[in-house]
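Top to bottom, those sequences are chains C and U. Under our numbering, the first residue of the first sequence carries the number 16, and numbering increases by one thereafter. Under our numbering, the first residue of the second sequence carries the number 738, and numbering increases by one thereafter. To start, the structure itself, in structure tokens.
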Amino acid sequence: MEITNMHMLIPGLPLLAFLINGLFGARWIKQEAHWIAALAVAVSWVLSVMTLLKVMQGHTYYGDIYTWISSGGLRVSVGFSIDELTAVMLIVVTTVSTLVHLYSVGYMHGEEGYSRFYAYLSLFTFSMLMLIMSNNFLQLYFGWEAVGLCSYLLIGFYHQKESAARAGMKAFIVNRFGDFGFALGLFLIYLTFGSLDYQTVFSAIDGWQSPAISLLGLETDLATVIALLLFCGAVGKSAQVPLHVWLPDAMEGPTPVSALIHAATMVTAGVFLLARCNAIFNLSPAAMAVVAVTGALTSLFAATIALVQNDIKRVIAYSTISQLGYMVLACGVGAYSAGVFHLYTHAFFKALLFLGAGSVIHAVHDQDIRNMGGLFKHMKITAITFWIASLSISGLPPLAGFFSKDEILWLAYSSGGSFGKMLWATGTLVAFLTAFYSFRVIFRTFHGEFRGEVEKKDHLHESPASMTIPLMLLCAGAVGAGWIGLPALWGFENHFAEFLKPVVGHVAAEHGNYSHSEEWMIMAISVAAGLLGLGLAWAMYARKTDLPERAAGAMSGVPYRLFFNKYYVDEIYDYLIIRPTVWVAKNILVTVTDGLIIEGIVNGIPRSIGRISQWIRKAQSGVLHHYAAVIVFGFFIMIAASLIWAGGN
Amino acid sequence: MIPVTWYMMLSAAIFCIGIFGFIARRNVIIMFISIELMLNAVNINLVAMSHYLQDMRGQILVFFIIAVAAAEAAIGLAIIISLFRNRATVHVDEIKEMEG
């Protein structure tokens with residue numbers, strides 16, 4: 016069906032709110048900025064729900080509204096495509112965005128740049144909606160870059176703080192690496208299919224025989240190259256190994272931003288891209304294997320780092336990377352609907368974890384869990400919602416995280432061969448680690464005795480209602496969001512997977528060789544892994560043993576230091592990439608290119624003009640008779656010339 | 738009937754006197770008068786030719802030149818007076834403000 020004005024309003028209203036707050040916020044609106052921004056995104060949410068209901072009745076929408084570029088054979092429109100995948104993403108983005116807008120009223124109250132903050136949030140929401148609603152790759156890329164820009168602006172929101180400004184730059188620059196590949200992928204798609212529209216490209220792929228090509232001496236085929244280039248973009252945006260380094264640093268931004276951008280929405284754009292381009296990825300088993308391995312590696316890698324971090328937001332950030340790894344792993348085994356399902360449940364419990372962490376930070380004014388403890392009796396709502404979110408992320412039934420995580424693990428296990436079993440084993444290990452570090456945070460933060468400064472203890476308090484209400488609403492999502500995808504094993508139809516089937520196809524049918532008992536076993540193992548992690552965390556951190564110290568002591572050798580220092584990835588990048596780049600910049604670009612060539616041209620031209628002028632100016636003697644003589648002499652020459660010329664004829 | 742060449746010779750003579758005066762003298766008033774001489778030499782030439790060719794256009798042009806010359810004289814004298822007030826001299830060698 017055709018796109019209507021209602022659909023255009025979904026991204027349009029946040030854009031309008033951005034313009035109003037951006038233009039008039041600093042001078043006139045100031046502390047009232049949240050009214051405009053929150054109202055706009057709340058209406059977007061209502062419209063998204065209405066759209067979802069329509070989509071659930073089987074309507075999908077596709078249409079161009081404006082010709083953006085028309086140049087030779089290249090025609091790109093601004094247009095929208097609303098199908099089942101987009102509808103799910105719409106709900107995720109607008110729901111979390113609305114709640115974060117509401118939460119920020121309390122969290123950011125009285126901050127300098129309050130209206131700027133809301134302007135950026137609105138711009139982000141607009142960009143994210145453009146990304147997911149796009150009907151062509153270029154508009155997707157526009158949204159992709161625009162959310163990156165908003166991420167940069169919001170990470171560096173406290174721009175007076177040097178670490179925040181640096182973190183913003185890091186996020187932006189690391190994403191350049193991924194987006195470079197993504198852009199090349201788009202060029203290849205255009206060269207191959209002659210269009211960037213989803214419909215044209217995806218219908219052309221149907222039944223397309225990917226030609227074999229030779230790239231740098233490697234024999235491969237075109238689909239693999241395109242898929243891997245697109246995956247580059249996803250690796251950057253979704254913080255997969257090896258481009259994950261920006262996300263932990265992004266925690267320099269305000270906590271609501273971490274919840275919205277760096278947990279629930281923007282970082283999941285990579286998973287969205289994989290699901291959206293499933294037709295391309297399905298053509299290339301090699302690329303799929305790369306995707307699956309990257310996802311599994313990332314989830315394990317980030318989970319081990321999260322075990323030993325002491326900054327509450329950093330633990331959650333590594334947890335986000337780990338969960339994103341899960342989603343990518345799911346896409347890698349072809350279980351796109353499971354990946355998107357996890358994206359959807361993860362948005363609720365991870366946003367809740369971040370907002371809960373923000374509530375804790377709001378009370379303690381510290382992010383180090385070593386200086387917390389015993390907060391349960393001071394802030395009950397925060398503590399209980401945090402507990403539920405952690406149970407959910409640990410994959411314990413019947414919370415949302417259980418259903419999505421179990422589906423991913425089962426589909427990984429059943430995706431075939433020892434490769435699938437390895438992926439499943441990694442995933443299960445990560446599930447155990449996830450439960451462990453999540454409850455490590457809980458026991459260190461909410462239980463035991465308060466370990467911070469004494470004078471802080473009297474000021475511990477629950478956060479205002481504008482912060483606790485979003486917590487409770489998200490908590491409902493963290494509990495119940497998974498119930499729309501109850502597994503077929505339990506005698507339900509998996510509604511979520513069925514819903515997404517028109518976009519991403521179905522995988523379960525291909526895995527008919529496995530018995531129900533195996534599926535029950537996988538489920539039991541994943542729950543057991545979660546419970547084991549919980550129990551170990553309880554034993555180590557709640558039962559006042561000296562176990563953590565002894566464990567750290569026992570591991571004080573290589574593993575502990577490796578985890579604590581994040582596998583030295585930042586240091587390796589510093590050594591391998593940053594230092595050579597800075598060296599080249601200082602010794603070649605600054606001294607040779609800039610100092611000699613550019614300065615030479617820029618300064619040389621005016622200098623030579625000056626020199627010539629010094630010489631010519633002597634003609635201007637200022638003596639009137641010289642001028643008169645020149646006039647008369649010139650007159651005689653002209654007369655003489657005209658006489659000679661006339662005589663010549 | 739005086740032949741037209743006589744007029745032209747008169748005109749050329751006055752023009753050359755003007756040029757000589759303009760180049761040779763240092764007093765700015767005299768230079769100014771020399772310019773007027775050159776202008777009137779041109780006027781004589783125009784009138785003589787107009788009569789010789791039996792064409793009124795030359796004489797009409799002369800009227801314009803006289804009118805413009807009047808305006809030019811007014812401006813020129815104003816500049817000279819202003820110059821004198823500032824520098825207390827009419828000797829052009831002493832005025833080299835525009836030297837490059």
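Ideal placement from N, C-alpha and C gives every residue a C-beta, glycine not left out.
Going by the CB atoms, is the gap between residue j and residue i shorter than 7 Å?
i, j, result
"Ala362/C", "Val107/C", "yes"
"Ala643/C", "Ile760/U", "yes"
"Trp439/C", "Ala427/C", "yes"
"Ala415/C", "Gly545/C", "no"
"Leu699/C", "Thr460/C", "Examination of residue 699/C is not possible in this model, given that chain C is present from 16 through 664 alone."
"Gly497/C", "Phe401/C", "no"
"Leu136/C", "Leu146/C", "no"
"Leu211/C", "Asn293/C", "no"
"Ala242/C", "Ile295/C", "yes"
"Ile8/C", "Ser63/C", "The shown model of chain C, from 16 to 664, leaves out residue 8/C, and the question about it has no answer."
"Thr239/C", "Ala278/C", "no"
"Ile399/C", "Ala345/C", "no"
"Ile327/C", "Ile384/C", "yes"
"Leu114/C", "Leu488/C", "yes"
"Ala552/C", "Phe454/C", "yes"
"Phe458/C", "Tyr556/C", "yes"
"Ala378/C", "Leu486/C", "no"
"Ser166/C", "Met281/C", "yes"
"Asn190/C", "Gly171/C", "no"
"Asp421/C", "Ser334/C", "no"
"Ala307/C", "Val348/C", "yes"
"Trp425/C", "Glu508/C", "no"
With respect to the beta strand (DSSP E) encompassing residue i, which residues constitute its N-terminal and C-terminal limits?
i, result
"Val91/C", "89–97"
"Thr235/C", "233–236"
"Ile84/C", "76–86"
"Ala440/C", "Unbroken run through Ala440/C is the alpha helix (DSSP H), 432–461; no beta strand (DSSP E)."
"Ala227/C", "227–230"
List the residues of chain C whose Cβ lies closer than 9 Å to the Cβ of residue i, in chain order.
i, result
"Ile760/U", "His640, Ala643, Ala644, Val647"
"Met775/U", "Neighbours of Met775/U on chain C: none; closest Cβ ~10 Å, over 9 Å."
"Val829/U", "Val638, Leu639, His640"
In chain C, which residues lie less than 7 Å from residue i when you measure between Cβ atoms?
i, result
"Ile756/U", "Val647"
I need the boundaries of the alpha helix (DSSP H) containing residue i, first residue and last residue.
i, result
"Ser419/C", "415–428"
"Leu841/U", "It is not possible to answer for residue 841/U, since the shown part of chain U is limited to 738 through 837."
"Lys516/C", "510–519"
"His22/C", "20–39"
"Leu604/C", "It is not in any alpha helix (DSSP H) - Leu604/C carries neither H nor E in the DSSP assignment."
"Thr360/C", "351–379"
"Tyr744/U", "741–761"
"Ala332/C", "327–347"
"Lys45/C", "Unbroken run through Lys45/C: none, as it is neither H nor E."
"Arg576/C", "573–579"
"Lys669/C", "No answer is possible for residue 669/C: it lies beyond the span of chain C, which begins at 16 and ends at 664."
Tell me, to the nearest whole angstrom, how far the beta carbon of residue i is from that of residue j; I am working on the premise that it is less than 8 Å.
i, j, result
"Phe752/U", "Met775/U", "5 Å"
"Ile18/C", "Ile84/C", "Going by Cβ atoms, the distance from Ile18/C to Ile84/C rounds to 19 Å, so no, they are not a contact pair."
"Arg762/U", "Asp830/U", "Rounded, the Cβ-Cβ distance is 11 Å, inconsistent with contact."
"Leu312/C", "Gly248/C", "With a Cβ gap of about 18 Å, Leu312/C and Gly248/C do not count as contacting."
"Phe187/C", "Ser273/C", "That pair is no contact at about 16 Å."
"Glu477/C", "Lys395/C", "7 Å"
"Ser337/C", "Leu549/C", "Not confirmed; about 16 Å, so no contact."
"Met16/C", "Phe95/C", "Going by Cβ atoms, the distance from Met16/C to Phe95/C rounds to 11 Å, so no, they are not a contact pair."
> Do the segment 253–269 of chain C and the segment 313–325 of chain C touch if we need at least three Cβ pairs shorter than 8 Å?
Replying inline: Yes, the segment 253–269 of chain C is in contact with the segment 313–325 of chain C.
At least three beta-carbon pairs within less than 8 Å, the segment 97–117 of chain C to the segment 349–361 of chain C:
Result yes; three or more Cβ-Cβ pairs closer than 8 Å.
Subject >> Segment contact, 8 Å Cβ cut-off, at least three pairs: the segment 582–593 of chain C with the segment 255–270 of chain C >> reply: Taking one beta carbon from each stretch, the segment 582–593 of chain C and the segment 255–270 of chain C have 3 or more pairs nearer than 8 Å; the two touch.
Tell me whether the segment 182–200 of chain C and the segment 262–271 of chain C touch, counting them as touching only if at least three CB pairs, one residue from each stretch, are closer than 8 Å. Touching, yes, given that three or more Cβ pairs across the two stretches are closer than 8 Å.
**Message:** Can you confirm whether the segment 31–38 of chain C touches the segment 135–147 of chain C when touching is taken to mean that 3 or more C-beta pairs between the two stretches lie within less than 8 Å?
**Reply:** Touching, yes, given that three or more Cβ pairs across the two stretches are closer than 8 Å.
Does the segment 109–126 of chain C come into contact with the segment 42–57 of chain C, if we say contact requires no fewer than three beta-carbon pairs (one atom in each stretch) closer than 8 Å? Touching, yes.
- request: Inspect the CB distances between the segment 602–610 of chain C and the segment 804–819 of chain U and report whether three or more fall short of 8 Å.
  value: Counting Cβ pairs under 8 Å, fewer than three are found: no touch.
Could you check whether the segment 404–412 of chain C touches the segment 374–392 of chain C, counting it as contact only if at least three pairs of C-beta atoms, one from each stretch, sit closer than 8 Å? Taking 8 Å as the limit for Cβ pairs, the verdict is that the segment 374–392 of chain C does not touch the segment 404–412 of chain C.
- Does the pairing of the segment 629–639 of chain C with the segment 739–748 of chain U give three or more beta-carbon distances under 8 Å? At 8 Å Cβ cutoff, the stretches do not touch.
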